[in-house]
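Undergrad: Have a look at the structure that comes next, please.
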Amino acid sequence: MSNKNGKEFKYLGKPRRLVEGAEKVSGHAKYAADLTLPGMVYARPILSPYAHAEILSVDKSEAEGMPGVIAVLTAEDLPTRDKLIASRNSAILAKGKVHWRGQPVAVVVANSEAEAADAVDMVFIDYEPLPAAVDLAASITEGSPLVW
């Protein structure tokens, strides 16, 4: 491949061997998920199924008693929530309300991925769904729900 002056490009259009290519295609590449370190724990978030809802209660008692579970954390358990985070957009965990589907409400910390995954199913969150703005055209009309 050459430029408009007829000069051949040094790299453009030329095959290039990927440094890590052989490791990846042979299955020998190491990824972050492959690493285990002494004292390592696993966290699994619990995400809101609603685009807009009030969080009425979080019952984490069953999950906290499960084998391998170190902690089940909510916004109330994080001391920095009200002191250092100035915006609801940057909050680590939802507090009182969720503002988008998939917003983290709690997180389970456990000794293994499997234990964390099992404990997530034992955290019971009671929501009261609120009107949501999920369609752009509808959300800019008068009377559309205010999420913030």
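First residue of the sequence shown: 26, per this note's numbering; consecutive thereafter.
Note that CB positions come from ideal geometry on N, CA and C, so glycine has one too.
#1: Please check the pair R69 and V145, which I expect to be a contact at CB under 8 Å, by giving their CB distance rounded to whole angstroms.
#2: Mind listing, in chain order, the continuous alpha helix (DSSP H) runs of no fewer than 4 residues lying wholly within the segment 35 to 77?
#3: Have a look at the DSSP bridge pairing and note the partners of I95.
#4: Quick check on the DSSP output: the beta strand (DSSP E) that includes A158 runs from which residue to which?
#5: If A76 and V132 are in contact, beta carbons under 8 Å, what's the gap, nearest whole angstrom?
#6: Look up V148 in the DSSP assignment and say whether it is helix, strand or coil.
#7: Alpha carbon to alpha carbon, how far is K49 from Y56?
#8: Under three-state DSSP, which class holds L109?
#9: Any contact between the segment 164 to 173 and the segment 79 to 98? By contact I mean 3 or more CB pairs, one from each, below 8 Å.
#10: Just curious, the alpha helix (DSSP H) that A135 is in, first and last residue?
#11: Any heavy atom of the ligand FMN within a distance shorter than 7 Å of the CB on K29?
#12: Is DSSP giving S82 helix, strand or coil here?
#13: What is the rounded straight-line gap between the Cα of A78 and the Cα of L37?
#14: Does DSSP classify S164 as helix, strand or coil?
TA: So, to answer that:
#1: Translated into the one-based positions of the sequence shown, residue 69 becomes position 44. Translated into the one-based positions of the sequence shown, residue 145 becomes position 120. Going by Cβ atoms, the distance from R69 to V145 rounds to 5 Å, so yes, they are a contact pair.
#2: You should have 46 to 51.
#3: Here the question's residue 95 lines up with position 70 in the sequence shown. For I95, which the question treats as bridged, DSSP gives no partner whatsoever.
#4: The sequence position of residue 158 within the sequence shown is 133, counting from 1. It is not in any beta strand (DSSP E) - A158 carries neither H nor E in the DSSP assignment.
#5: Within the sequence shown, residue 76 is the residue found at index 51, counting from 1. Within the sequence shown, residue 132 is the residue found at index 107, counting from 1. Not confirmed; about 20 Å, so no contact.
#6: Your numbering for residue 148 matches position 123 in the sequence shown. Here V148 sits in coil by DSSP.
#7: The count along the sequence shown starts at 1 and reaches residue 49 at position 24. The count along the sequence shown starts at 1 and reaches residue 56 at position 31. One alpha carbon belongs to K49, the other to Y56, and they sit about 10 Å apart.
#8: Taking the first residue of the sequence shown as 1, we reach residue 109 at position 84. Residue placement at L109 cannot be trusted, given a pLDDT of 48 that sits under 50; what the coordinates show is reported in the next sentence. L109: coil per DSSP, three-state reduction.
#9: As far as the Cβ criterion goes, the segment 164 to 173 does not touch the segment 79 to 98, which means the pair count is below three.
#10: In the sequence shown, counting from the first residue as 1, residue 135 sits at position 110. Bounds of any alpha helix (DSSP H) do not take in A135; it lies within the beta strand (DSSP E) bounded by P129 to A135.
#11: The ligand FMN is not among the ligands present in this structure, which contains no ligands whatsoever.
#12: As a working mapping, residue 82 is identified with position 57 in the sequence shown. In this structure, S82 counts as strand in the three-state DSSP scheme.
#13: As a first step, residue 78 must be located in the sequence shown, where it is residue number 53. As a first step, residue 37 must be located in the sequence shown, where it is residue number 12. One alpha carbon belongs to A78, the other to L37, and they sit about 52 Å apart.
#14: Position 139 of the sequence shown, counted from the start, is the residue given in the question as residue 164. For S164, the secondary structure class from DSSP, reduced to helix, strand or coil, is helix.
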